[in-house]
Amino acid sequence: MGEHRSQSLARYVLPLTFLMHQAINYPQILRAIGQALEYLEVDTFRLICEGNNYLVQELSQGAEREIAPHASDTHASSSARFPDLLFTPADIARLENEGRARRRQPEGLPQPDSLANLLRAAGSYILDDNSCLIEMTKRDDHCLEIRCKEESGEARTERMEISDLYLIFVRMYLKRADRSRRVESQPEVA
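This note's numbering numbers the first residue of the sequence shown as 1 and each following residue consecutively.
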C-alpha cells in the first residue's frame, strides 16, 4: 500500500515541481547574468542552474583563452581565469534593477549581439519551449550549448548557433516595438 501511495504522490510532485520552474523568467534572469559577465569581459563560461541560484564556472576572457585553451595549462595567465560566481535571486534582482536604469538612458538601439541579449534570447527560447534550464555552456563565439529538462522529465542538450539567438532577439525586439506602437496608437479614454 505504501508503494502505491508513493507512486500516486510522485505523479503530482513532478508536474508541480515543473510548474514551479515555469514561473522562472529565464529571459530576465539570463540577461542580468549576461550583463555581469559583460562587465567582467567574459567570453566563455559554464552556467549551472541550482534551484533559484545560478553558478557560473570556467570563466575566461577571449584573448587569454586562445593562448591557453585548457584551464589546467600551466602557461595560462592568472588574469585569464576568474573564480566561480554564484548569483542568488537577490543578486539577480539587483543586477536587473541596475540594468533597467542603464537601459532607460537614451543611447539608441539595443545591441542584439551583446552577451546579455544573447542570453536573454536563449532564456526566451527555453521559456517558449516549456523547458527548465539545467546548464548552459559558451565555449566559443559560434554557439551556446543548452541543457534543459523537458516536461516529461527527460534532459536534452541542444546547440544554439549565435546567429539563431540573434534572430530570436530581433523577433523579441520587433514584437515589443509592435506592442508599444499599438499602445501609443490607441485613443485615450477620458
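Ideal placement from N, C-alpha and C gives every residue a C-beta, glycine not left out.
Classification of residue i by the beta-carbon crowding that lies within 10 angstroms, buried from 16 upward
i, result
"Q28", "buried"
"A63", "Confidence at A63 is low in this model, with a pLDDT of 46, below 50, so the placement of that residue should be treated as unreliable; the coordinate-derived value is given next. Result: exposed."
"Q111", "exposed"
"G153", "exposed"
"A155", "exposed"
"D43", "buried"
"R120", "buried"
"A116", "buried"
"V170", "exposed"
Assigned secondary structure, residue i (DSSP; H/G/I helix, E/B strand, else coil)
i, result
"N53", "strand"
"F45", "strand"
"E135", "strand"
"S60", "strand"
"F169", "helix"
"K175", "helix"
One or two residues paired with residue i in a DSSP bridge
i, result
"T88", "Bridge partners of T88: none, in fact."
"L160", "Inspection of the sequence shows that residue 160 is occupied by Met rather than by Leu. The partner list for M160 (beta bridge, DSSP) reads L144."
"A101", "The partner list for A101 (beta bridge, DSSP) is empty, contrary to what the question assumes."
"K149", "C132, A155"
Delimiting residues of the beta strand (DSSP E) encompassing residue i
i, result
"I33", "Careful: I33 lies outside any beta strand (DSSP E), inside the alpha helix (DSSP H) at 26 to 39."
Residue i vs residue j beta-carbon contact at 8 Å
i, j, result
"A32", "L95", "yes"
"P83", "N52", "no"
"L127", "Y39", "no"
"F45", "K175", "no"
"R159", "E145", "yes"
"G123", "Q35", "no"
"H142", "I162", "yes"
Extent of the continuous alpha helix (DSSP H) to which residue i belongs
i, result
"D128", "115 to 128"
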